[in-house]
Amino acid sequence: MMLPLLSQSAAPLLVPLPSAHLLYPSSIHRWSQRGFPNPNPNPSLGCSTLRRELRPGSTASHLCEREALTLDGGSLSVKESSLEEELWAAVRLRVRTFYEFKTESCGIEDYTRYLTEREFEALKDRIAGKRIGLKRVSCINATLPISPFLASADELCSACKFSNNGEERVVVGTLDLNQCLRLTDELTGKRPEVLGSDIMRAYLSNVCVAKELQRNGLGYALVSKSKKVAREWGISDLYVHVAVDNEAAQKLYQKSGFVYENEEPAWQARFLGRPRRFLLWADLTQNNLRLSSLRAFNFR
Numbered sequence: 000m001m002l003p004l005l006s007q008s009a010a011p012l013l014v015p016l017p018s019a020h021l022l023y024p025s026s027i028h029r030w031s032q033r034g035f036p037n038p039n040p041n042p043s044l045g046c047s048t049l050r051r052e053l054r055p056g057s058t059a060s061h062l063c064e065r066e067a068l069t070l071d072g073g074s075l076s077v078k079e080s081s082l083e084e085e086l087w088a089a090v091r092l093r094v095r096t097f098y099e100f101k102t103e104s105c106g107i108e109d110y111t112r113y114l115t116e117r118e119f120e121a122l123k124d125r126i127a128g129k130r131i132g133l134k135r136v137s138c139i140n141a142t143l144p145i146s147p148f149l150a151s152a153d154e155l156c157s158a159c160k161f162s163n164n165g166e167e168r169v170v171v172g173t174l175d176l177n178q179c180l181r182l183t184d185e186l187t188g189k190r191p192e193v194l195g196s197d198i199m200r201a202y203l204s205n206v207c208v209a210k211e212l213q214r215n216g217l218g219y220a221l222v223s224k225s226k227k228v229a230r231e232w233g234i235s236d237l238y239v240h241v242a243v244d245n246e247a248a249q250k251l252y253q254k255s256g257f258v259y260e261n262e263e264p265a266w267q268a269r270f271l272g273r274p275r276r277f278l279l280w281a282d283l284t285q286n287n288l289r290l291s292s293l294r295a296f297n298f299r
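Structure below.
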C-alpha cells in the first residue's frame, strides 16, 4: 500500500485462511463455508501480496507493470477522506484490483458485493477508531473528475465513481495509513525503540492504483501524501510490507525514501499461504525526507 500499484497492505493475493478484514479479523468466512465461487488472484498482475481475502495489514502495495493511459495531473486530487460514498468507491477499487473472478461462475456479482460491503464496514470501523490496536487510521485516495480523458476506462468510472459537492469523481488510487504498534500477521517494525513506540510508528496498507492509470506517478503521489499526514500525526517511523518478487513496488518505495529493515522467514510465508515479504522503513524525522533514498536499498 503503489505502475500497477500496490500490494502490500492490500496488494492482492491469497489462500483459504481464517478470514480477516484488511488489518483485523472480519466476518468473511472461508470460501467453502459460504459456498461462494473461489476468486483467483489475478495472475496477470504478478504482484506481491494477494491472498484470497482483502487484508490491509497483509499487503501494502499492488505494483506491477502494464500499458496505461497518460495522466494530466492538473485535475488530480490526493487527500484523506471519510466521505462514505468515496470510501465505498475506494473499496470497490481494492476489490477490483486484488481479485480476479471467473466470469462464468455463478453468483459472482452477489459475492463481489458481499466482499465490498464487508470491507467497507471494516474500513469505516478502522477510521472511526473501533478496532483494537489501531491508534488512528486514514484512508488516502487519489481521485479524478469524470471527463472525456477517462472515456476508455468506462468500467473503472462505473465501479469507482462517487459524488462530492455535485461533482462526479473517480477513485483511481488508494491506501490506508495505520498508526499502530503492529499489523496483524505482518513483520513488526523495530523503530523507534522507546516506550510508546506505537504512538510514533505507522504502516501503509492496501495500496493500489487502477490498472488503467498505472505508470503515471499515482503510487508516488499517494505515498508522498501519506508521509505528509504521518508527520502531522507525530509519526517518526513509517513502514510498509512488500513481496520479495514485487520489483515495481520496491522501486516505488525506494524512490519514496524507504530502505530495507527485515524480511519474513520462508516458513511463515508458507504457513500464511502468501509470497514472502520485506519490511521497509522510512525515517520521517529528517528535514529532507529525500535524503533517506540515498541509503543503500539492499534486498537479499
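Taking numbering that gives the first Met the number 0, the leading residue of the sequence shown gets 0, the next gets one more, and so forth. Note that CB positions come from ideal geometry on N, CA and C, so glycine has one too.
Own chain partners of residue i with C-beta closer than 6 Å, once the 5 adjacent residues on each side are dropped
i      : result
LYS129 : none
TYR202 : ASN177, LEU182 and TYR238
LYS224 : VAL77 and ILE139
GLU167 : ILE145 and LYS160
Own chain partners of residue i with C-beta closer than 8 Å, once the 5 adjacent residues on each side are dropped
i      : result
ARG289 : Its pLDDT being 49, under 50, ARG289 is placed unreliably in this model, and the value from its coordinates should be taken loosely. Answer for ARG289: GLY256, listed in chain order.
SER74  : LEU143, PRO144 and SER146
LEU180 : GLY132, THR187, SER196, ASP197 and ARG200
THR115 : TRP87, VAL90, ARG91 and VAL94
Boundaries (first-last residue) of the alpha helix (DSSP H) holding residue i
i      : result
TYR113 : 107-126
SER157 : 153-159
ALA268 : 265-271
ARG93  : 83-97
VAL228 : 217-231
ALA247 : 246-254
Classification of residue i by the beta-carbon crowding that lies within 10 angstroms, buried from 16 upward
i      : result
TRP280 : buried
PHE270 : exposed
LYS78  : exposed
GLU185 : buried
GLN139 : At residue 139 the sequence reads Ile, which differs from the Gln that was named. Buried: at least 16 other Cβ atoms inside 10 Å.
LEU5   : Residue confidence for LEU5 is low, a pLDDT of 42 falling below 50, so the modelled location carries little weight; the figure read from the coordinates is stated next. Flag for LEU5 reads buried.
VAL170 : buried
GLY272 : exposed
GLY233 : exposed
ALA9   : Model confidence at ALA9 stands at a pLDDT of 37, short of 50, so the residue's coordinates are unreliable; what they give is reported in the following sentence. Label assigned to ALA9: buried.
LEU122 : buried
PRO274 : buried
ALA150 : exposed
LEU194 : exposed
LYS226 : buried
ALA247 : buried
ARG214 : buried
ARG112 : exposed
Own chain, CB closer than 7 Å to residue i, minus 5 neighbours either side, in chain order
i      : result
THR284 : SER235
GLU211 : ALA67, LEU68, ALA152 and LEU155
SER81  : ILE126
ALA158 : ARG91 and ARG95
ALA229 : LEU176, ALA201, LEU237 and LEU283
LEU221 : MET1, VAL77, ILE139, ALA141, GLY172, LEU174 and VAL206
ASP124 : ARG130
PHE119 : LEU86, TRP87 and VAL90
PRO264 : none
The beta strand (DSSP E) enclosing residue i, as first and last residue numbers
i      : result
PHE277 : 276-282
LEU203 : 200-208
LEU133 : 133-144
GLU380 : Outside the shown range of the chain (0 to 299) lies residue 380, about which nothing can therefore be said.
VAL258 : 258-262
VAL239 : 236-242
GLU306 : Only positions 0 to 299 of the chain appear in this structure, which leaves residue 306 out of reach.
Near the ligand NAP: residue i beta-carbon under 6 Å from a heavy atom
i      : result
ALA268 : Summarising the ligand content, the structure contains no ligands, and the ligand NAP is consequently not present.
*asked:* Assess contact between the region 156-173 and the region 75-95, defined as three or more Cβ pairs (one per stretch) separated by less than 8 Å. Is contact present?
replied: yes
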